Amino acid sequence: MTKRLSIYTRTLLTISVSILAIFLVLAITYGTIYSVSANKQRKEELRRNVVELSYLTESRMDAAHTTFSSTDITGHISFAARSTGAFVWVVNANSEIIYHTGIPIETMAQLKRSGTIGGNDPLLPDEARNSSNAVYCDTGDKTGLGYLLPKSSVWLVASSPIGSLGDLYTGEVILLKRHRTESLSSFLLENNVPISFSLAFLLSLTIIIWLSRNITRPISALARTANSVYAGDLSARVRIGREARTLTLEEGDPDHAEIVSQVREDDLTRLVRTFNTLISKFEEREKQHFEFLGNVSHDLRTPVTSIGGFIEGMRDGTIPVDKFDYYLEIIKKETNRLESLINTLFDQADRMDSTSLKQTAFDINELICQVDQSFEPMLTDKRIQMELSLDEEHLGPVRVVGDVEQLTRVMNNIVANAVRFTPRSGLILVSTTVSERVVSVSVEDNGPGIPREDLPHIFDRFYKADKSRHEEGSGLGLYIARALIKRHGQQIEAGNSADLGGAKITFTVARP
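If you want it as structure tokens, here you go:
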């Protein structure tokens, strides 16, 4: 199986190729525009110089246009040659190159000599002359001089006639300029567009590498962490930033508070926080699950051991016959305890939404009274007093709509939780408040209450606020109560009682 490229490599290649394609298109476009514009400018400059030189030369030649009448013209010609970087030829009416600032060796080898008395000047061939007596500037291969010039370079040729006598050839001034890079400055000037775009692309590539690494690093970390979690390592977390911080969405997390105060948290950071939070919650849930299994094992072992010991004592005579009723009562209590635990396990196994609600209208006050009666043995055992404070404005039946069986389980779980944490000779208060659409039911006690740090988790599955009380409860009662209330589309919340000082659980039930 072919190994796929990493997301960092794919991102870098995709962006780099895209940017390179854009830069190539821009470089070709602007390079072409610049090249055409620069060539046109060179031609105009060379044309202007050759015209000016032809005017100066005409004023300093004899009437026949065969020789100079004044030698100061040579200084002007030399200056023009240096300023334009071109060879300057002055050709007289006899086609003799009477003055020049330079002739390429290959060209000189092809030129004949005049052989006139007093001079041996090179002769410009007839086919190379400006016979039309017109000013022009073009590349060498498009002029009559093209075959004389070295083929190793591209030449610009500008020509202007010296004076004008109709169609008669009166001589000309020729400027020959070669396209070449003799210095670094010339090279940079000639290639400024491709060099600029190359530097811009390299700078862009550097920025792209930096951005790609910053963008894909958290994604790669997410992928590695996900693989670790899949392999069973629930301690794995995504760490980002120079300090390799583990970011979560927990409200107690100082990093969370710091980020909340900033408005510039990006989506990727938010994703990392959410991912880490999910892993943390999953890890905590697993710990609670194992703790629950340990609690269940302990809760099952204790009554089973007691029942087995009592029965064995009755069989072997260790327990006298007159004590049978007493120990049978203990066995009955242990059996009830086992039944309660097994019912709790069934509640956990039940998916809560596996069966539909059997909603009917019933009297919530009557249900509360029935629950009060069912807990009488437990209340009596701990000498706990349960008071009912029903809404005074509704002395008659308070009708609500819901599943009687499931709402009874809700009340049983909440009251059982209150009984468990209420001290001996304590007080539990059950009250109802009737509003227009719902009836609020509150159960509060004078126990130790719920610590503030435990309030957000009090309805979580397997959660126990009092970690030291391993012998009682499974951490499922309030979780099941919340699930059943949510199925009814109602609200349930936990807090501490302002009057009694202990815990307070309040839920709502819809009115018909």
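Per the working numbering, numbering through the sequence shown is continuous, rising by one, with the last residue being 512.
Note that the Cβ used here is the ideal one computed from N, Cα and C, for glycine as well.
Quick caveat: nothing in here was measured; it's all calculated off a predicted structure.
| field | Cα-Cα separation between D522 and L211, rounded to whole angstroms | value | What is shown of the chain runs 1 to 512, which leaves residue 522 out entirely.
Fill in: Proximity of I97 and V90 at Cβ, strictly below 8 Å
Taking the sequence shown and counting its residues from 1, one reaches residue 97 at position 97. Taking the sequence shown and counting its residues from 1, one reaches residue 90 at position 90. Less than 8 Å divides the Cβ of I97 from the Cβ of V90.
Inset, instruction - Return the chain-ordered list of same chain residues with a C-beta closer than 7 Å to the C-beta of A481, the five sequence neighbours on each side being excluded. - result: Position 481 of the sequence shown, counted from the start, is the residue given in the question as residue 481. In chain order, V410, N413, I414 and I492 place their CB closer than 7 Å to the CB of A481, counting only its own chain and leaving out the 5 sequence neighbours on each side.
Original post:
CB-CB under 7 Å to G477, same chain, minus the five flanking residues each way: which ones, in chain order?
Top reply: Start at 1 with the first residue of the sequence shown, and residue 477 comes out as number 477. Excluding sequence positions up to five before and after G477, its CB lies within less than 7 Å of the CB of N413, A416 and N417, all in the same chain and listed in chain order.
Worksheet entry | Sequence-distant residues of the same chain with beta carbon closer than 7 Å to L56, five excluded per side | For the purposes of this step, residue 56 is taken as the residue at position 56 of the sequence shown. For L56, the CB contacts under 7 Å within the same chain, skipping 5 residues up- and downstream, are I73 and H76 in chain order.
| query | Alpha carbon to alpha carbon, what distance is there between I319 and Y230? | reply | What you label residue 230 is simply residue 230 of the sequence shown in a count that begins at 1. What you label residue 319 is simply residue 319 of the sequence shown in a count that begins at 1. C-alpha separation (whole angstroms): 56 Å.
Candidates I215, D391, I174 and S37, of which the one nearest S95 by Cα:
Taking the first residue of the sequence shown as 1, we reach residue 95 at position 95. The shortest Cα separation from S95 among I215, D391, I174 and S37 belongs to I174.
Q) Taking the alpha-carbon positions, what's the Q406 to A483 distance? A) Position 406 of the sequence shown, counted from the first residue, corresponds to residue 406. Position 483 of the sequence shown, counted from the first residue, corresponds to residue 483. Q406 and A483: Cα-Cα distance of roughly 10 Å.
request  = Taking 8 Å as the cut-off, decide whether the C-beta atoms of M314 and Y326 are in contact.
outcome  = Residue numbering aside, residue 314 sits at position 314 when the sequence shown is read from its first letter. Residue numbering aside, residue 326 sits at position 326 when the sequence shown is read from its first letter. Y326 is positioned such that its CB atom lies no closer than 8 Å to that of M314.
Segment limits, beta strand (DSSP E) that includes R399:
Position 399 of the sequence shown holds residue 399. Boundaries of the beta strand (DSSP E) around R399: R399 to D403.
*asked:* Rounded to the nearest angstrom, what separates R383 and S425 at their Cα positions?
replied: The sequence position of residue 383 within the sequence shown is 383, counting from 1. The sequence position of residue 425 within the sequence shown is 425, counting from 1. The straight-line gap from Cα to Cα measures roughly 5 Å.
### Message
Is E286 close to chain D? Criterion is C-beta to C-beta, closer than 8 Å.
### Response
As a matter of chain content, chain D is missing from the structure shown, which is built from one protein chain.
R487 and V439 - do their beta-carbons sit closer together than 8 Å?
For this step, residue 439 is matched to residue 439 along the sequence shown. For this step, residue 487 is matched to residue 487 along the sequence shown. Contact: no.
*Is it right to say S59 is buried, meaning 16 or more other beta carbons lie within 10 angstroms of its own, or is it exposed?*
Mapped onto the sequence shown, residue 59 falls at position 59. Its Cβ having fewer than 16 others within 10 Å, S59 is exposed.
Span separating the alpha-carbon of K504 from that of R420 | Here residue 504 corresponds to residue number 504 of the sequence shown, with the count starting at 1. Here residue 420 corresponds to residue number 420 of the sequence shown, with the count starting at 1. Straight-line Cα distance between these residues: approximately 14 Å.
Residues bridged to Q41 [DSSP beta-bridge criterion]: Along the sequence shown, one-based indexing puts residue 41 at 41. Per the DSSP secondary-structure output, Q41 pairs with nothing in a beta bridge.
I'd like to confirm the pairing. Which residues does DSSP put opposite Y99 in its beta bridges?
Here the question's residue 99 lines up with position 99 in the sequence shown. Looking at the DSSP output, Y99 sits in a beta bridge with V90.
Query raised in the report: Going straight from the alpha carbon of I364 to that of V398, what length do you get?
Result: Taking the sequence shown and counting its residues from 1, the one referred to as residue 364 is at position 364. Taking the sequence shown and counting its residues from 1, the one referred to as residue 398 is at position 398. Cα atoms of I364 and V398: separation of roughly 6 Å, rounded to the nearest angstrom.
- Item | The beta strand (DSSP E) enclosing Y136, as first and last residue numbers | As a working note, residue 136 is residue 136 in the sequence shown. Note, Y136: beta strand (DSSP E), Y136 to T139.
Worksheet item: So, is A361 buried or exposed, given that buried needs 16 or more other C-beta atoms within 10 angstroms?
Response: Residue mapping note: residue 361 aligns to position 361 of the sequence shown, counting from 1. By the 10 Å Cβ count, A361 comes out exposed.
Give a yes or no on whether the C-beta atoms belonging to S220 and I368 are separated by under 8 Å.
-> Position 220 of the sequence shown, counting from 1, holds the residue named residue 220. Position 368 of the sequence shown, counting from 1, holds the residue named residue 368. 8 Å or more divides the Cβ of S220 from the Cβ of I368.
Nearest-angstrom Cα distance between G501 and I485? Within the sequence shown, residue 501 is the residue found at index 501, counting from 1. Within the sequence shown, residue 485 is the residue found at index 485, counting from 1. Whole-angstrom Cα-Cα distance: 25 Å.
If you count every other CB in all the chains shown that lies within 10 Å of the CB of L278, and 16 or more means buried, which is it?
Locating residue 278 in the sequence shown gives position 278, where the first residue counts as 1. That one is exposed.
Does DSSP classify E387 as helix, strand or coil?
Here residue 387 refers to the residue found at position 387 of the sequence shown. Correct three-state label for E387: strand.
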